[in-house]
Amino acid sequence: MRNSKFIILALFFASFLNSCKDTGINKINNDNGKKPNIILIITDDQRWDALGYAGNNIIKTPHMDKLAGEGLYFSNAFVTTPICAASRASLFTGLYERTHDYTFGKPVLKNEYMYQSYPYLLRKEGYITGMVGKFGVEVNEGIEDSLFNWKKKTFWPYIREINGKQVHLADINGDNAIEFIRSCKGQPFCLSLSFWSPHADDGAEEQYFWPGYYDSLYYGIEIPVPETADPLFFEALPEYLKTTMNRKRWYWRYDTPEKHQRMVKGYYNVSST
Numbered sequence: 148m149r150n151s152k153f154i155i156l157a158l159f160f161a162s163f164l165n166s167c168k169d170t171g172i173n174k175i176n177n178d179n180g181k182k183p184n185i186i187l188i189i190t191d192d193q194r195w196d197a198l199g200y201a202g203n204n205i206i207k208t209p210h211m212d213k214l215a216g217e218g219l220y221f222s223n224a225f226v227t228t229p230i231c232a233a234s235r236a237s238l239f240t241g242l243y244e245r246t247h248d249y250t251f252g253k254p255v256l257k258n259e260y261m262y263q264s265y266p267y268l269l270r271k272e273g274y275i276t277g278m279v280g281k282f283g284v285e286v287n288e289g290i291e292d293s294l295f296n297w298k299k300k301t302f303w304p305y306i307r308e309i310n311g312k313q314v315h316l317a318d319i320n321g322d323n324a325i326e327f328i329r330s331c332k333g334q335p336f337c338l339s340l341s342f343w344s345p346h347a348d349d350g351a352e353e354q355y356f357w358p359g360y361y362d363s364l365y366y367g368i369e370i371p372v373p374e375t376a377d378p379l380f381f382e383a384l385p386e387y388l389k390t391t392m393n394r395k396r397w398y399w400r401y402d403t404p405e406k407h408q409r410m411v412k413g414y415y416n417v418s419s420t
């Protein structure tokens with residue numbers, strides 16, 4: 148993501164949402180009595196250890212490392228339903244999956260929960276609310292318009308041609324975020340900035356796509372083979388786990404040493420974007 152003059156703050160919203168309901172958002176002010184600007188940054192399918200700050204000495208994530216170093220970093224984080232749609236619904240609503248009852252294959256997220264989501268509550272209190280990138284949950288018609296004053300959702304493919312140049316989706320999302328922030332003109336804002344990276348493109352042969360200016364970022368580096376790559380770990384799994392979608396993905400990405408090197412470097416490249 149490109150540098151900008153704006154300070155980006157990544158916040159965790161579960162306790163925040165509860166405080167909103169109990170005490171009122173208008174009491175959340177900074178030292179000069181003004182409502183703080185809020186930017187929630189989400190990456191998609193980023194492992195806990197795909198971060199330099201987490202101790203990974205190979206991956207290059209300087210901007211995220213700076214956020215972690217200058218902010219509050221949780222070295223342990225646990226979720227009840229570690230899958231994209233359910234987790235996004237929990238971030239929006241502050242509810243566990245067993246309560247909001249939304250994940251892949253389920254009906255849309257109920258209106259009553261979205262009317263308690265952080266964009267809705269903040270907008271009621273005078274915030275300009277924006278959505279950039281991947282929304283990732285299904286809601287009833289009209290709900291998105293009640294949450295966000297401004298939105299530019301994006302979808303695959305990762306690489307687009309714009310004005311004759313190839314542009315990566317992460318750069319598009321970054322530019323859209325800057326556009327939103329500048330449009331607020333001094334008003335308090337909350338931006339949900341959700342990158343697709345480093346999620347793989349499951350339907351593509353190469354799986355991972357990054358901007359050309361990162362082509363040499365991991366050139367000449369040997370990726371260590373993890374201990375869990377030993378077939379004994381696979382054989383110890385319950386039978387039903389041996390035929391899941393993750394096993395298919397293993398064949399797509401890691402079933403040869405050469406493919407393992409190429410795919411992990413690809414994943415790191417997209418994570419660095």
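Heads up, the sequence shown is in our numbering, so the first residue is 148 and it goes up one at a time. Positions of the beta carbon are idealized from the N, C-alpha and C atoms, including for glycine. On a predicted model such as this, the values are computed, not experimentally measured, just so you know.
Which of the three DSSP states is assigned to residue i in this structure?
i      : result
ARG307 : strand
CYS231 : helix
PHE336 : strand
VAL411 : helix
LEU256 : strand
VAL226 : coil
PRO358 : coil
SER264 : coil
HIS346 : coil
LEU294 : helix
GLY321 : helix
PHE251 : coil
THR240 : helix
SER419 : helix
GLU326 : helix
Could you say which of the options lies nearest to residue i if we only look at CA atoms?
i      : options                        : result
GLN263 : LEU242, GLY359, GLY277         : LEU242
ARG400 : LEU384, ALA201, TYR355, ALA233 : TYR355
ILE230 : GLY252, TYR220, ILE328, ASP196 : GLY252
SER418 : GLU259, GLU291, ALA383, TYR305 : TYR305
ALA233 : THR246, SER330, SER222, ASN258 : THR246
LEU364 : HIS210, TYR265, ILE206         : ILE206
GLY280 : LYS299, PHE295, PRO266, ILE290 : LYS299
PRO183 : GLU405, GLY333, ASN416         : GLY333
PRO404 : PHE336, PRO371, TYR415         : PRO371
GLY453 : GLY311, MET392, THR375, GLU326 : Outside the shown range of the chain, which is 148 to 420, sits residue 453, and nothing can be said about it.
GLU353 : TYR366, LYS389, SER222, ARG396 : ARG396
LEU187 : TYR366, LEU238, GLY359         : LEU238
THR276 : MET410, TYR398, GLU374, SER330 : SER330
THR301 : ASN287, GLY321, ASP377         : GLY321
ASN223 : MET211, THR240, ASP196         : ASP196
ASN203 : LEU388, PRO373, PRO378         : PRO373
ILE185 : GLN313, MET410, TYR360, PHE327 : PHE327
TYR366 : LYS213, VAL314, GLY413         : GLY413
GLU291 : GLY311, ARG270, GLU308, LYS389 : ARG270
MET410 : GLU382, ILE368, THR390         : ILE368
Are residue i and residue j close, meaning C-beta to C-beta below 8 Å?
i      : j      : result
TYR249 : VAL284 : yes
GLY218 : THR208 : no
PHE380 : THR190 : no
MET278 : SER339 : yes
PRO345 : GLN193 : yes
ASP348 : TRP297 : no
ALA236 : LEU268 : no
HIS315 : TRP357 : yes
Check the DSSP bridge columns for residue i and list the partner residues they point to.
i      : result
GLY280 : LYS300, SER341
GLN313 : GLU308
ILE275 : PHE336
VAL286 : LEU256
Using a Cβ-based criterion (distance less than 7 Å to any ligand heavy atom), does residue i qualify as near the ligand GTP?
i      : result
LYS312 : Within the structure as shown, the ligand GTP is missing, as the structure has no ligands at all.
Can you list the beta strand (DSSP E) stretches of 3 or more residues lying completely in the region 183-224, in chain order?
The qualifying runs are 185-189.
4 or more residues per run - each alpha helix (DSSP H) lying fully within the region 364-406:
Entirely contained in the region 364-406, the alpha helix (DSSP H) runs reaching 4 residues are, in chain order, 378-382, 392-400.
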